[in-house]
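Visitor:
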Amino acid sequence: MTDFAQVLADGLMNGAIYGLVAAGLSLIWGVMDVINFAHGEFLMAAMYVCYWVGVLIGLDPLISWVLTGAFLFLLSAVSYKVVVRRCIGKSAMAPLLATFGLSIFLKNFCLNMFTPNFRLLSGTFLEGMVFNFFGMAIPAPQLAASLFSLVMLYVLYYFVKRTRTGWAIQATAMDKEAAELMGIDTERIFTLVFGLGGACVGIAGGFMASYLAVFPEVGTLFSLIAFVVVALGGFGSIPGALCAAILIGLVESFAGFYIAPVIKYVAVFALYIVVILIRPKGLFGW
Amino acid sequence: MFAKRLMNGILERRVMLLFALSALILSVVCGSAFAAEEKVIKIGALFPLTGPAAVSGQNCLAAVQTAADIINGKHDFKDFPLAEKEGLLDGYKIEIVPGDHQGKPDVAKSEAERLFNQENVFAIIGSYNSSASKPASAVAERLKKIFMCGASSSAELTERGFNYFFRTAATDAIESKEFVDYIDYLNKNKGAGIKTLGLLYENSEFGKHAAIEGKKAAATIGIEVVADVPFTVGATNMNSEIQKLKSTNPDVVFGAALGSDYSLMARTMKQSNWAPKIFINYCTGYQNPSINKELGSDGNFFMGGMGYSPEIAEVYMKAALPAQEIYRSKTGFPLDSDSIQESVCLHVLAQAIEKAGAADTEKVVNILRSETFPSPLSLSGQVAFSPGGQNNKAFTVITQIVDQKYLTVFPKDYADSELTYPFPAWDKR
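Chains as they are written, first to last, in the numbering used here: chain W, 6 to 291; chain R, 45 to 473.
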């Protein structure tokens, strides 16, 4: 029973974190119809920012997430203005290849700047803190990251659903030309959406650097899982992304423990294939 | 008028032909002159310079370049063959041509083909990941070219009966035997009561073979395998893996996790507040000083097989210390047990070329197969290859990390410390 509870808790925590990583991707994909292949590298960049501000000025991830979020908002918005914007309206492959190029640039930039060394942020406020109850061990850094992910997802959802800018985002996603006719500056909306997508992954990365090693390849598997989360949850749907992420976290955790650890990603991708076959638009897609 | 033009045309053509011929002769003469001046033997260094194992790959490349620097330059290193002489043969220099396989077997194969066919390297040194060494060395074997393998530890590599493949490091079979010898020693002499084994390994050529050898060795002293936990390389988390070990609670765990997986494993164990009585690693992230520096005190009390550490070198491998300083100037870290094997590869190959009197593959291969080479960068001090290419002088000791220092605990002849046993609980440190 303890094992079951532990596996459940691990799955929920990982799922919540996957949710925030995927939310930005989902927003960009849903609103702009652009697949951002550099999403994993944005995560890596955020983790490096968190690591370096931690090492150089001693800022704890509990505070530096603001900085990583803001930095990634800027990086993402600039990437949109400089790279992605030029591909919008061209062939469907153009933004895909452009973001793929961006991902290679970011990865190799960090490889050359920081070497491929694995870097671990030590001495953080939550480091080594573990909550033990009912035989379960809940590490504080992951718990904080997952709880904060849930809060951020709610904030993002509220922003998109309940604010005028959010309505403009939704309108742009539904019909860009009609939105323009209504006076919405869709170019500004696109920049904002790309920036928000970056900010989400930036905040997630800021928290994840407190317990994961930072290195140029760290974002690879996370971005792959984020793609699955988005496709599973439905493009552009934030609640969909959260539900899909939690589902994936649980499948990964239970398959890893009760079948075999090496099967956990097989199970995740198998689930994805099944859902796509039965419901191609995803669980919450429209 | 027509005759004049014709004459001019013929003259112009003659002048042009003269120019062309002169240029051709000049280029051939200059080319051969440069070739004569440029007495180099190209050696390919094929490692994962990017990708998940890039840290180790770049360290391996730096180690090969360190050996090349020693061979090419003139140094007064004591007991270090080829160090005092500048270059090889009658003034040949070693030129290292890097190749990056990114940790991917298919890329390793195509890079090996590029190095041999386009770069015309005499031999390849590599490739760290066993899964990459396997196809890359098959290319060398097909082309009848030498493949010197350093740190790839899959025992299967030297069981293929290849003629041009030579490996300097200990295999996971040799390491597994040393691990169980030590466990047997602890059980008999210290009453350790180690009865059950867990295996935690990456799902790769290296990890799977390490696990097979670990199981075989454990069976020889009657240790029961209670957990067999392979994991995906570059996993986002290791919660299920560690939970699986925790639920079966083996007395000892044999680990085969490289790079970031190693640090993730150590951190997840800490978060789960679980540890076996002892945790012994094959050639993994354990041996990488940069990873252990980042892990800090969380890296303490893990154990592993080592063919080199700065602490061992201070006592048993003093001749290797100057090489370590050259390496440190390139990487900022001391040599480690994996990367030093790549230095050994080049050093032994260079000695064989020197003995052969020319960079002649067949002659060099015959010498590699038949002779014993002095090797100040090896713990045993020697390298000699058995049929199949395994270094039969390969030898490792078992160490334990305490305060980022590798303390030798076994064999007793080499031990400089007592084992901290059992692995202290994470919350009681």
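A virtual CB, placed ideally from N, CA and C, is assigned to each residue, including glycine.
Against chain W, with Cβ distances strictly below 7 Å, would R/V273 count as a contact?
Guide: Numbered from its first residue, the second sequence carries residue 273 of chain R at position 229. Taking Cβ atoms only, chain W reaches closer than 7 Å to R/V273, which makes this a yes.
Visitor: Report the rounded CA-to-CA distance for R/E185 versus R/Y208, giving the unit in angstroms.
Guide: Locating residue 185 of chain R in the second sequence gives position 141, counting from the first residue. Locating residue 208 of chain R in the second sequence gives position 164, counting from the first residue. Each residue's alpha carbon lies about 6 Å from the other.
Visitor: Suppose you measure from the CA of W/G94 to the CA of W/G16; what does that come to, to the nearest Å?
Guide: For the purposes of this step, residue 94 of chain W is taken as residue 89 along the first sequence, with counting starting at 1. For the purposes of this step, residue 16 of chain W is taken as residue 11 along the first sequence, with counting starting at 1. Roughly 40 Å between the two C-alpha positions.
Visitor: Among R/T440, R/F223, R/K122, which has the Cα closest to the Cα of R/K260?
Guide: Sequence index remark: in the second sequence, residue 260 of chain R carries index 216 (1-based). It is R/F223 whose Cα lies nearest to the Cα of R/K260.
Visitor: Does any C-beta atom of chain R lie closer than 7 Å to the C-beta of W/E222?
Guide: Position 217 of the first sequence, counted from the start, is the residue given in the question as residue 222 of chain W. It does: the Cβ of W/E222 has a partner Cβ on chain R nearer than 7 Å.
Visitor: Step through the CB atoms of chain R and report whether any lies within less than 7 Å of the CB of W/N122.
Guide: For the purposes of this step, residue 122 of chain W is taken as the residue at position 117 of the first sequence. Output row for W/N122: interface = yes.
Visitor: Output the boundary residues of the alpha helix (DSSP H) element that contains R/P274.
Guide: For the purposes of this step, residue 274 of chain R is identified with residue 230 of the second sequence, where counting begins at 1. Per DSSP, R/P274 belongs to no alpha helix (DSSP H); it is in the beta strand (DSSP E), 268-275.
Visitor: Is it buried or exposed, R/T212, if we count other Cβ atoms within 10 angstroms and call 16 or more buried?
Guide: Residue mapping note: residue 212 of chain R aligns to position 168 of the second sequence, counting from 1. R/T212 comes out buried.
Visitor: Pick from R/I138, R/F121, R/I140, R/G117: whose alpha carbon is nearest that of R/E130?
Guide: Indexing the second sequence from 1 puts residue 130 of chain R at position 86. Of the listed residues, the one whose Cα sits closest to R/E130 is R/G117.
Visitor: With W/V88 and W/L107 assumed to form a contact (beta carbons below 8 Å), what rounded beta-carbon distance in angstroms separates them?
Guide: Taking the first residue of the first sequence as position 1, residue 88 of chain W is located at position 83. Taking the first residue of the first sequence as position 1, residue 107 of chain W is located at position 102. Indeed, because the Cβ distance is near 6 Å, the residues count as touching under 8 Å.
Visitor: Assuming R/F9 and R/A127 make a contact with CB atoms under 8 Å, what is their CB distance in whole Å?
Guide: Outside the shown range of chain R (45 to 473) lies residue 9 of chain R, about which nothing can therefore be said.
Visitor: In chain W, which residues lie with their C-beta within 8 Å of the C-beta of R/L308?
Guide: What you label residue 308 of chain R is simply residue 264 of the second sequence in a count that begins at 1. Going along chain W in sequence order, the residues near R/L308 (Cβ under 8 Å) are L217, A218.
Visitor: Report yes if the C-beta distance between R/S387 and R/Y352 is below 7 Å; otherwise report no.
Guide: Counted from its first residue, the second sequence places residue 387 of chain R at position 343. Counted from its first residue, the second sequence places residue 352 of chain R at position 308. Contact: no.
Visitor: Which residues in chain R sit within 7 Å of W/A142, going by Cβ to Cβ distance?
Guide: Your numbering for residue 142 of chain W matches position 137 in the first sequence. What W/A142 touches in chain R: Q315, S316, N317.
Visitor: Can you tell me the Cα-Cα spacing of W/L169 and W/A176, whole angstroms?
Guide: By one-based count along the first sequence, residue 169 of chain W stands at place 164. By one-based count along the first sequence, residue 176 of chain W stands at place 171. The sequence given here has Arg at residue 169 of chain W, not Leu. When rounded, the distance between both Cα atoms is 10 Å.
Visitor: Which residues, taken in chain order from the region 325-343 of chain R, show a beta carbon closer than 7 Å to some beta carbon of chain W?
Guide: Those would be S334, I335, E338, L339, G340, in chain order.
Visitor: Helix, strand or coil: which one does DSSP assign to W/L61?
Guide: Here residue 61 of chain W is taken as the residue at index 56 of the first sequence, counted from 1. Here W/L61 sits in helix by DSSP.
Visitor: Taking C-beta to C-beta, are W/D65 and W/T120 nearer than 7 Å?
Guide: In the first sequence, residue 65 of chain W corresponds to position 60, counting from 1. In the first sequence, residue 120 of chain W corresponds to position 115, counting from 1. It is not a contact, given that the beta carbons lie outside the stated cut-off.
Visitor: According to DSSP, simplified to helix, strand and coil, what is R/L68?
Guide: Against the second sequence, residue 68 of chain R aligns to sequence position 24. Here the model assigns R/L68 a pLDDT of 47, short of 50, so the residue's position is not dependable and the matter cannot be decided.
Visitor: Could you tell me which residues DSSP pairs with R/K86 in its beta bridges?
Guide: Here residue 86 of chain R refers to the residue found at position 42 when the second sequence is read from its first residue. DSSP lists R/E139 as partners of R/K86.
Visitor: What are the uninterrupted segments assigned as beta strand (DSSP E) that are 3 or more residues long and contained completely in the region 89-147 of chain W, given in chain order?
Guide: If we require 3 residues or more, the beta strand (DSSP E) runs fully inside the region 89-147 of chain W come out as 135-138, 141-144.
Visitor: Taking one C-beta from the region 321-334 of chain R and one from the region 270-285 of chain R each time, how about it: are there three or more such pairs within less than 8 Å?
Guide: As far as the Cβ criterion goes, the region 321-334 of chain R does not touch the region 270-285 of chain R, which means the pair count is below three.
Visitor: Where R/N233 and W/G74 are concerned, what is the direct C-alpha to C-alpha distance, given to the nearest angstrom?
Guide: The residue given as residue 233 of chain R occupies position 189 in the second sequence. The residue given as residue 74 of chain W occupies position 69 in the first sequence. So the alpha carbons of these two residues sit roughly 57 Å apart.
Visitor: Provide the residue span of the beta strand (DSSP E) that contains W/L1, from first to last.
Guide: No answer is possible for residue 1 of chain W: the residues shown for chain W start at 6 and end at 291.
Visitor: Of all Cβ atoms in chain R, is any one closer than 7 Å to the Cβ of W/P66?
Guide: One-based indexing of the first sequence puts residue 66 of chain W at position 61. No, its Cβ sits nowhere closer than 7 Å to a Cβ of chain R.
Visitor: Going along chain W, which residues have a C-beta under 8 Å from R/P378?
Guide: As a working note, residue 378 of chain R is residue 334 in the second sequence. Correct list: empty, because the minimum Cβ distance to chain W is about 15 Å.
Visitor: If I'm right that W/F274 touches R/S304 with Cβ under 8 Å, what's the distance once you round it to whole angstroms?
Guide: Walking along the first sequence from the start, residue 274 of chain W turns up at place 269. Walking along the second sequence from the start, residue 304 of chain R turns up at place 260. At roughly 21 Å, the Cβ-Cβ gap does not stay under 8 Å, so W/F274 and R/S304 are not in contact.
Visitor: Would you call W/L102 buried or exposed, if buried means 16 or more other Cβ atoms sit within 10 Å of its Cβ?
Guide: The residue given as residue 102 of chain W occupies position 97 in the first sequence. Answer is exposed; the Cβ neighbour count stays below 16.
Visitor: Measure from the C-beta of W/N19 to each C-beta in chain R and report whether the shortest distance is under 7 Å.
Guide: What you label residue 19 of chain W is simply residue 14 of the first sequence in a count that begins at 1. Yes, because at least one Cβ of chain R sits closer than 7 Å to the Cβ of W/N19.
Visitor: Whose Cβ in chain W lies nearer than 7 Å to the Cβ of R/P96?
Guide: Counted from its first residue, the second sequence places residue 96 of chain R at position 52. The contacting residues are E222.
Visitor: Hey, would you say R/L379 sits closer than 7 Å to R/Q368, going by beta carbons?
Guide: In the second sequence, residue 379 of chain R corresponds to position 335, counting from 1. In the second sequence, residue 368 of chain R corresponds to position 324, counting from 1. Yes. Within cutoff.
Visitor: R/K281 versus chain W: which residues are under 7 Å apart at the beta carbon?
Guide: Taking the first residue of the second sequence as 1, we reach residue 281 of chain R at position 237. Sequence check: residue 281 of chain R is Asn here, not Lys. The answer, in chain order, is N19.
Visitor: Any beta carbon of chain R sitting closer than 7 Å to that of W/L226?
Guide: Locating residue 226 of chain W in the first sequence gives position 221, where the first residue counts as 1. Interface residue, yes.
Visitor: I'd like to know if W/S258 contacts chain R, where contact means its C-beta is closer than 7 Å to some C-beta of that chain.
Guide: Here the question's residue 258 of chain W lines up with position 253 in the first sequence. Cβ-Cβ to chain R under 7 Å: yes for W/S258.
Visitor: Please state whether the Cβ-Cβ distance between W/L148 and R/E338 is less than 7 Å.
Guide: What you label residue 148 of chain W is simply residue 143 of the first sequence in a count that begins at 1. What you label residue 338 of chain R is simply residue 294 of the second sequence in a count that begins at 1. No, the Cβ-Cβ distance between W/L148 and R/E338 is not below 7 Å.
Visitor: Grouping DSSP H, G and I as helix and E and B as strand, with all else coil, what is R/K188?
Guide: In the second sequence, the residue the question calls residue 188 of chain R occupies position 144. Coil at R/K188, not helix or strand.
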